[in-house]
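Structure first, then comments.
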């Protein structure tokens, strides 16, 4: 597919550029920027079209401030009153609009497919607050949205497949039914090790842990993971790595770093209690799918950014998410472009 080949070529070309021509702003101080970003998740770059198939996201991330109650819009201003003043902490707020879709492997079939997950679409808005302290980043996020035909995933996939001449998806009449969703999540990133800055490209290593919990009728889980990074200005971007679709890289945590780059990898294990994209009600229950609670993900990729722009590229592999799956793993890639506005 033309779009998939273009994304794959971009991923292969951009990472060597980030390594060979590193940015020169590693000594910068007192940098602070807000950020707009657009990103796409897709499994087509890996030659598949099933399970988590596609995601589209538009995001805004504020600059870092010392007091949300004084310098943020409603409702962040109200929530900001819950955070005590601390000279060693900084706070930021963000929002994101996204659409995600999941499909079986045989998208041309009009009937439900045995041993496959159902069609599912999710349309949502995220409202988030980040808290930064030395060697610690905390994230709080509220998600509101809908699954089902209201999510418009059927129209998105059909339109894109018409553009690129791909197989026509015929089974969306069997998708998860309309249901409003609400989810709250918390995650915490801690620096376990950070090496001194070396003379080689002024780079360093770091290792960080991740603990995450989410609750709601969309997805509920408990997770723990670890990440490894090599690059520049890592102490100012703790919490950049994630493991859930649409969140493999969080560019909001780059707001205090003028320019840099890093390569990363990581692994997360989790226990999932519910997943509406698998267990939600659907018109035809002939072939039910049952949630596999024990799951894991591995991610790798790279980030390159300058004072006014940046790009992230990542790949992720996940273990199976439902018991009937005939595949032990499934993978997808992600590309994100972002524009920074220094304050």
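Numbering (the numbering used here), first residue to last: 1 to 343.
We treat Cβ as the ideally placed atom computed from N, Cα and C, and that holds for glycine.
Every value quoted in this text rests on a predicted model; they were computed, and no experiment measured them.
Please return the same chain residues whose Cβ sits closer than 6 angstroms to the Cβ of residue i, not counting the five positions on each side in sequence.
i, result
"residue 123", "99, 145, 146 and 151"
"residue 341", "33 and 34"
"residue 58", "38 and 97"
"residue 156", "none"
"residue 106", "113"
For residue i, which option in the options has the closest C-alpha, if you only look at C-alpha atoms?
i, options, result
"residue 135", "167, 173 and 210", "210"
"residue 104", "94, 121, 232 and 97", "121"
"residue 222", "127, 37 and 186", "186"
"residue 218", "183, 55 and 229", "183"
"residue 299", "293, 285, 315 and 162", "315"
"residue 204", "328, 272, 294 and 262", "262"
"residue 127", "155, 138 and 60", "60"
"residue 313", "258, 242, 292 and 270", "242"
"residue 138", "175, 330, 196 and 190", "190"
"residue 92", "207, 102 and 79", "79"
"residue 51", "66, 229, 296 and 278", "278"
"residue 297", "338, 325 and 245", "245"
"residue 142", "153, 75, 101 and 163", "75"
"residue 160", "196, 81, 42 and 85", "42"
"residue 188", "213, 167 and 164", "213"
"residue 101", "64, 153 and 195", "153"
"residue 284", "40, 117, 82 and 62", "117"
"residue 226", "195, 266 and 252", "266"
"residue 94", "167, 254 and 119", "254"
"residue 252", "168, 181 and 140", "140"
"residue 256", "269, 113 and 133", "133"
Quick one: is residue i buried, meaning 16 or more other Cβ sit within 10 Å of its Cβ, or exposed?
i, result
"residue 87", "exposed"
"residue 250", "buried"
"residue 111", "exposed"
"residue 290", "exposed"
"residue 239", "buried"
"residue 70", "exposed"
"residue 200", "exposed"
"residue 271", "exposed"
"residue 195", "exposed"
"residue 339", "exposed"
"residue 125", "exposed"
CA-CA distance, residue i and residue j?
i, j, result
"residue 311", "residue 336", "6 angstroms"
"residue 308", "residue 287", "50 angstroms"
"residue 303", "residue 320", "27 angstroms"
"residue 89", "residue 177", "43 angstroms"
"residue 220", "residue 172", "25 angstroms"
"residue 170", "residue 54", "16 angstroms"
"residue 273", "residue 129", "25 angstroms"
"residue 174", "residue 322", "17 angstroms"
"residue 258", "residue 229", "18 angstroms"
"residue 67", "residue 224", "29 angstroms"
"residue 108", "residue 329", "22 angstroms"
"residue 317", "residue 294", "15 angstroms"
"residue 158", "residue 247", "25 angstroms"
"residue 163", "residue 332", "21 angstroms"
"residue 301", "residue 202", "20 angstroms"
"residue 82", "residue 237", "24 angstroms"
"residue 44", "residue 84", "46 angstroms"
"residue 77", "residue 62", "13 angstroms"
"residue 31", "residue 40", "28 angstroms"
"residue 131", "residue 197", "25 angstroms"
"residue 343", "residue 119", "43 angstroms"
"residue 215", "residue 181", "11 angstroms"
"residue 264", "residue 36", "22 angstroms"
"residue 269", "residue 168", "35 angstroms"
Just grab the DSSP bridge partners of residue i for me.
i, result
"residue 79", "Note: residue 79 sits in no beta bridge, so no partner."
"residue 122", "100 and 147"
"residue 166", "According to DSSP, which records beta bridges pairwise, residue 166 is partnered with nothing at all."
"residue 271", "222 and 294"
"residue 139", "130 and 187"
"residue 206", "194 and 229"
Within its chain, find whatever has a CB closer than 8 angstroms to the CB of residue i; leave out the 5 residues flanking it on each side and keep chain order.
i, result
"residue 179", "146, 147, 148, 217, 276, 280 and 281"
"residue 193", "205, 206 and 207"
"residue 115", "287, 324, 325 and 326"
"residue 16", "Caution is warranted here: a pLDDT of 43 is assigned to residue 16, below 50, making its placement in the model unreliable, and no coordinate value can be reported."
"residue 65", "71, 72, 90, 91 and 92"
"residue 46", "315, 331, 332 and 333"
Among the residues of its own chain, which have a CB less than 7 angstroms from the CB of residue i, if the five just before and after it don't count?
i, result
"residue 292", "320, 321, 322 and 323"
"residue 235", "194"
"residue 56", "40, 98 and 99"
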